[in-house]
Amino acid sequence: MMTKPFHLAIVGGGGISRAHVNAARASNESIVIKAVVDPAETARKAVCDATGCRGFPNIEELLADGGDDHSIDGLVICTPPSVRLPIVRAALDRGVAVLAEKPIAHTLADASKLVQLAEKYSPTTAVVGYCHRFVPAIELMKRMIDEGDLGIILRFENTFACSIPGMQDKWMSDPAVSGGGSFIDTGCHSLDLFYYLFGEGKVVGATFHKEWPNRGESNATVLLRGVQKFAGVAGVIQSGWLEPARFVVTVVGTKGLLTYDYDKPTDLLHVTSDGSARVLAVESHEIRFDRQLAAFADRAGGGGTGSQMADFAQAAKVAEMVDSILKSAVVI
3 MMTKPFHLAI
13 VGGGGISRAH
23 VNAARASNES
33 IVIKAVVDPA
43 ETARKAVCDA
53 TGCRGFPNIE
63 ELLADGGDDH
73 SIDGLVICTP
83 PSVRLPIVRA
93 ALDRGVAVLA
103 EKPIAHTLAD
113 ASKLVQLAEK
123 YSPTTAVVGY
133 CHRFVPAIEL
143 MKRMIDEGDL
153 GIILRFENTF
163 ACSIPGMQDK
173 WMSDPAVSGG
183 GSFIDTGCHS
193 LDLFYYLFGE
203 GKVVGATFHK
213 EWPNRGESNA
223 TVLLRGVQKF
233 AGVAGVIQSG
243 WLEPARFVVT
253 VVGTKGLLTY
263 DYDKPTDLLH
273 VTSDGSARVL
283 AVESHEIRFD
293 RQLAAFADRA
303 GGGGTGSQMA
313 DFAQAAKVAE
323 MVDSILKSAV
333 VI
C-alpha cells in the first residue's frame with residue numbers, strides 16, 4: 003500500500019497520453035503527474051495545462067532536475083516505438099520505473115535489447131501497457147477458463163478493427179517508426195491477450211492487405227495455435243484500419259463460449275453448448291487504463307497488485323510472434 007503519492011512523468015504528449023492523464027486523475031491523488039517530456043512545445047503545453055505539471059523538451063533535462071519536490075517515481079512512455087530504447091535506458095539507470103506503451107519495440111532486435119536492460123536493472127519495474135489485461139470482462143474470462151467452465155478450449159477469436167481515415171500519413175503506418183501497420187498497432191494487443199489467457203502461441207499463417215505503397219499493412223488476418231496445456235487452442239485474429247468497426251473477443255470451448263463486444267461494455271455473453279444464454283454483468287472496459295496505472299504504481303512501489311502486467315520478457319514474446327508474422331505473411 004502506497005503511503006505517499008506516486009510521482010509520474012509522461013514521455014510523449016500525443017493522443018494516448020490523454021488516457022494516462024485521465025487515469026491519474028481517477029486515482030484520488032494517489033498518482034500525480036509531475037512532468038511531461040516532449041520536444042514539441044504544443045504537446046508539452048497541452049499536458050501541462052491539463053495537469054499543472056512541468057514540461058521538459060527531453061528526458062535528460064527531466065532526469066537532471068533534482069530535488070525531492072521534483073523527484074519522479076515512474077515514467078509512462080508514449081513515444082513511437084522506434085525512439086524508446088535510450089529513454090528506457092536513461093530511466094532504469096536512475097532507478098525510475100517504466101511503463102512503456104505497446105508494442106515494446108518496432109523491431110525484435112530492439113525488443114531483445116530492452117529485455118536485457120530490464121534484466122540488468124532488475125528489480126526496477128519495467129512493463130508494457132497491454133491494457134486489455136485489465137478489462138473486467140477479460141479478467142472474468144480468464145477465471146472461467148482456468149476453472150474449466152468452458153471445458154476444453156477450442157478457439158480464441160479476436161477482432162480489433164475499424165476505419166481510420168488518413169492512416170497512410172501517420173507514423174503508425176510507417177514501418178521504420180512503428181514496425182509495421184495495423185497488425186502491430188492493434189494485433190499486438192490480440193497476441194498479448196492470447197498469451198495472457200493461454201500462454202505462448204505459434205504462428206500458423208497470416209494474410210495482409212496493403213492499401214498504400216511503402217507503408218505497413220492496412221488489414222491483417224492471423225492464425226495461431228497454442229502449445230503445451232493449450233495445444234488444442236486455435237487463434238483467429240483480425241485487425242484493420244480500413245473496415246467496419248468491430249471490437250470483439252470470443253473464447254469457444256466444448257462446454258460453451260464467452261463473447262465480449264466492446265460496444266456493449268457491461269455485458270459478457272455466456273452461451274452453453276446446449277444453446278442456453280445468459281449475460282454476465284461486468285464493469286466497463288473504459289476503466290482499464292485506471293486499473294493499469296494503479297497496478298503500475300503499486301508494482302513500482304513494491305506492492306503486490308502489479309503481477310498482472312506484462313513485463314518486458316513477456317512483451318518480447320509478443321514481439322517474437324509479430325516478427326514471425328511480418329516475415330511470413332502473404333500480401334494480397
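Each number in the working numbering corresponds to the 1-based position in the sequence shown with 2 added. Note that beta-carbon positions come from the ideal geometry of N, C-alpha and C, so glycine has one too.
By a beta-carbon distance limit of 8 Å, GLY15 contacts ARG46. Their separation comes to about 6 Å.
Ranked by Cα distance from PRO167, the options LEU195, ASP151, GLY242 are led by GLY242. By the CB criterion at 7 Å, THR127 and ALA302 fall inside the cutoff. Between the C-alpha atoms of ARG20 and LYS115 there is a straight-line separation of about 28 Å. Listed in chain order, the non-local C-beta contacts of TYR123 below 6 Å within the same chain comprise LEU94, local neighbours out to five positions each way being set aside. One Cα belongs to LEU10, the other to VAL98, and the distance between them is close to 10 Å. Judged by pairs of C-beta atoms under 8 Å, the segment 259-269 does not touch the segment 190-205, as fewer than three such pairs exist. Collapsing the DSSP output to three states places ALA25 in a helix. Put simply, of VAL324, VAL78, ILE35, ILE89 the residue whose alpha carbon is nearest the alpha carbon of VAL205 is VAL324. Contact between the segment 224-242 and the segment 266-275 is absent: fewer than three C-beta pairs spanning the two stretches fall below 8 Å. Nearest Cα to VAL130 within the set ASP194, HIS287, SER330: ASP194. Burial check for LYS231: the Cβ neighbour count within 10 Å stays below 16, so the residue is exposed. When the alpha-carbon of ALA48 is set against those of LEU119, ILE12, GLU288, ILE74, the nearest one is in ILE12. Positions of the beta strand (DSSP E) runs, each at least 3 residues long and wholly inside the segment 283-316, cannot be given because no such run exists. Between the segment 16-35 and the segment 282-297 there are three or more C-beta pairs closer than 8 Å, enough to call the two in contact. In summary, PRO88 is exposed, with fewer than 16 beta-carbon neighbours lying within 10 Å of its beta-carbon over all protein chains present. Just so you know, the alpha carbons of ALA296 and SER165 end up roughly 31 Å apart. The alpha carbon of VAL250 has as its nearest neighbour, out of HIS134, PRO177, GLY183, ASP176, the alpha carbon of HIS134. Distance from ALA107 to ARG86 at the Cβ level is roughly 7 Å; contact confirmed, criterion being Cβ atoms closer than 8 Å.
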